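For reference, the structure discussed in these notes is given below.
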Amino acid sequence: MKLNHGLHLAYCTNIHRGETWQETLDSLQTHTLAVRQRVCPDQPYAIGLRLSHQAAQELSDRATMLAFKKWLDQNHCYIFTINGFPFGRFHGARVKEQVYKPDWTTPERLEYTNLLFDLLAQLVPPDVEGSVSTVPASFKGFVSIPEELKMIRDNLWQCVEYIARLSQKTGRKLHLGLEPEPLCLLETSGETVQFFDRLRAEHRRDPRLGEHLGVNYDTCHLAVEFEEPQNAMALFQQHNIKISKLHLSSALKVRPTTEARQALAAFADDIYLHQVVVRNPDGSLNIFRDLGDALSPQNEIENPEATEWRIHFHIPLHAPPSAWFDNTSDHILGILDLLQANPALCTHLEMETYTWEVLPPELKNRSVVDQLVAEYDWTLRHLAERGLAKQ
291 MKLNHGLHLA YCTNIHRGET WQETLDSLQT HTLAVRQRVC PDQPYAIGLR
341 LSHQAAQELS DRATMLAFKK WLDQNHCYIF TINGFPFGRF HGARVKEQVY
391 KPDWTTPERL EYTNLLFDLL AQLVPPDVEG SVSTVPASFK GFVSIPEELK
441 MIRDNLWQCV EYIARLSQKT GRKLHLGLEP EPLCLLETSG ETVQFFDRLR
491 AEHRRDPRLG EHLGVNYDTC HLAVEFEEPQ NAMALFQQHN IKISKLHLSS
541 ALKVRPTTEA RQALAAFADD IYLHQVVVRN PDGSLNIFRD LGDALSPQNE
591 IENPEATEWR IHFHIPLHAP PSAWFDNTSD HILGILDLLQ ANPALCTHLE
641 METYTWEVLP PELKNRSVVD QLVAEYDWTL RHLAERGLAK Q
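Following the working numbering, the numbering of the sequence shown begins with 291 at its first residue and continues without gaps.
In structure tokens:
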């Protein structure tokens with residue numbers, strides 16, 4: 291939906307199953323329109339579209355695209371952003387670290403992302419910027435030699451050139467956002483800055499880098515890394531890195547007592563990767579590949595004095611603290627404070643709680659439509675308090 295200061299807000303439709311285009315459209319028809327009716331019935335409604343590779347190929351058919359554009363017009367909806375992170379299946383089967391494949395060492399990732407921009411250029415309204423979010427280059431465990439790092443930079447640069455040509459041809463302002471995430475090649479704000487500095491050194495004085503490649507700032511991911519929003523954002527701005535999109539999402543935060551560890555077992559699933567960052571009494575950080583690793587009895591013996599765990603598990607924005615768990619909504623609110631001070635910081639806001647299907651029962655005691663409406667209510671309330679949305 292359209293907010294104050296030219297901002298746009300949507301929820302990411304990766305919360306719904308849908309690997310084919312027909313499955314994707316069915317979820318839009320069934321769930322997205324139901325949400326729209328309750329949160330934005332009388333104004334144009336924004337959709338944060340997730341397209342798998344298969345769905346993107348099917349939507350590229352001319353007749354299919356024309357039918358979808360007609361559907362958008364009939365339902366007073368518009369597209370401003372596409373989630374291009376998961377390439378293939380994202381629900382109902384083991385995803386884990388495979389979500390980063392194919393990564394940016396491969397031509398498949400480049401081709402898929404270029405295709406998403408082809409589609410977005412046809413869908414985004416003329417007066418609205420268009421963004422695509424993508425994997426943080428690769429998973430650290432996948433990249434082992436310098437040649438692979440060079441392949442990543444070269445493929446991303448080819449994508450920048452493609453986006454620039456497409457933007458010029460269509461008159462649309464388009465940009466790609468790399469999404470830092472724990473244990474990925476781009477994990478922290480510092481690592482991300484180093485990567486951009488290396489790219490900039492290879493393409494000196496080429497303005498296309500700053501215009502068409504930036505960061506998808508996921509508040510869950512950077513909060514898990516114990517980063518402070520003011521510091522992370524200041525670092526990106528100091529290095530002239532575009533904020534392509536703001537992902538509004540909250541992570542789990544716990545004091546790892548015996549009772550809390552026992553309760554955390556309900557969040558350990560076989561579908562998604564839930565990296566855990568542990569802060570020790572001296573302020574140092576340890577990281578575990580997955581929640582199951584952090585919950586192992588051996589870890590409890592070896593790390594008895596850990597003061598806080600932050601877990602990459604996207605929980606509903608409106609979920610209150612419980613007896614055992616807290617959340618990282620303070621990071622989200624910190625970002626919104628920065629946006630209040632500078633609304634031009636980023637015009638794309640997207641709520642992303644894709645973990646709906648694997649939430650424990652106490653966080654899943656409503657329908658998915660009710661859950662999304664509650665997230666809108668939470669987000670719009672905090673935006674309105676900062677003058678970024680209507681009261």
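All C-beta atoms in this analysis are idealised placements derived from N, C-alpha and C, irrespective of residue type, glycine included. The structure presented is a predicted model; accordingly, all values stated were derived computationally and were not measured.
Note down the Cα distance separating residue i from residue j, rounded to an integer number of angstroms.
| i | j | result |
| --- | --- | --- |
| E652 | D316 | 28 Å |
| V568 | D583 | 12 Å |
| G461 | E419 | 10 Å |
| S457 | R656 | 42 Å |
| F407 | L464 | 8 Å |
| T669 | A411 | 28 Å |
| P376 | A679 | 30 Å |
| S574 | P546 | 16 Å |
| M441 | N506 | 21 Å |
| A524 | L299 | 23 Å |
| V414 | Y368 | 7 Å |
| C474 | D417 | 34 Å |
| A556 | D363 | 42 Å |
| A536 | C636 | It is worth fixing the name first, because residue 536 is Leu in this sequence and not Ala. Each residue's alpha carbon lies about 7 Å from the other. |
| P587 | R443 | 41 Å |
| H708 | F380 | Residue 708 is absent from the model: the chain starts at 291 and stops at 681. |
| L628 | G431 | 34 Å |
| Q344 | E313 | 11 Å |
| Q527 | W311 | 37 Å |
| H502 | L339 | 19 Å |
For residue i, count neighbouring C-beta atoms within 10 Å of its own C-beta (all shown protein chains included) and say buried if the count is 16 or more, exposed if not.
| i | result |
| --- | --- |
| I264 | The structure shown does not extend to residue 264, since the chain spans only 291 to 681, so no value can be given for it. |
| H511 | buried |
| A513 | buried |
| A596 | buried |
| K543 | buried |
| Q661 | buried |
| P497 | exposed |
| N445 | buried |
| E517 | buried |
| E437 | exposed |
| G688 | Any property of residue 688 remains undetermined from this structure, which presents the chain solely from 291 to 681. |
| E515 | buried |
| P519 | buried |
| G382 | exposed |
| G467 | buried |
| A491 | exposed |
| D508 | buried |
| A522 | buried |
| R488 | exposed |
Inspect the beta-carbon positions of residue i and residue j and report whether they are closer than 8 Å.
| i | j | result |
| --- | --- | --- |
| S428 | T395 | yes |
| P472 | I577 | yes |
| E309 | S350 | no |
| Q659 | A454 | Residue identity check: residue 659 is Val in the sequence provided, not Gln. Not a contact, by the Cβ cut-off of 8 Å. |
| S540 | T482 | no |
| I533 | V648 | no |
| L499 | V566 | no |
| T371 | E549 | no |
| Q327 | M291 | no |
| Y335 | N404 | no |
| A558 | W614 | no |
| V329 | Y666 | yes |
| P633 | H295 | yes |
| R384 | D393 | no |
Which whole-angstrom value is the C-beta distance of residue i and residue j, which I expect to be below 8 Å?
| i | j | result |
| --- | --- | --- |
| A664 | H604 | About 14 Å; that fails the 8 Å criterion. |
| H621 | S421 | Between S421 and H621 the Cβ distance is about 21 Å, and since that is not below 8 Å, they are no contact. |
| L581 | H564 | 4 Å |
| N304 | N373 | 5 Å |
| E387 | V425 | Wrong, their Cβ atoms sit about 11 Å apart, outside the cutoff. |
| L318 | I337 | 7 Å |
| Y390 | A346 | Contact doesn't hold; Cβ gap of about 18 Å is too wide. |
| T643 | P606 | 5 Å |
| Q630 | R676 | 4 Å |
Between residue i and the ligand GTP, is the CB less than 7 Å from at least one heavy atom?
| i | result |
| --- | --- |
| E501 | Judged by which ligands are present, the structure shown has none, so any question about the ligand GTP falls away. |
Output the boundary residues of the beta strand (DSSP E) element that contains residue i.
| i | result |
| --- | --- |
| E437 | Run containing E437: none in the beta strand (DSSP E); it sits in the alpha helix (DSSP H), P436 to T460. |
| V433 | No beta strand (DSSP E) holds V433; DSSP gives it neither H nor E. |
| S421 | G420 to T424 |
| R340 | Y335 to R340 |
| E598 | E598 to I605 |
How would you write the range of the alpha helix (DSSP H) that residue i sits in, first residue to last?
| i | result |
| --- | --- |
| N521 | P519 to Q528 |
| W361 | R352 to Q364 |
| G582 | L581 to A584 |
| V483 | S479 to E492 |
| N404 | P397 to L413 |
| D627 | S619 to A631 |
| S534 | S534 -> not in any alpha helix (DSSP H); beta strand (DSSP E) instead, spanning K532 to L538. |
| G500 | R498 to H502 |
Indicate whether at least one CB of chain C lies closer than 8 Å to the CB of residue i.
| i | result |
| --- | --- |
| A556 | The structure shown has no chain C; it contains just one protein chain. |
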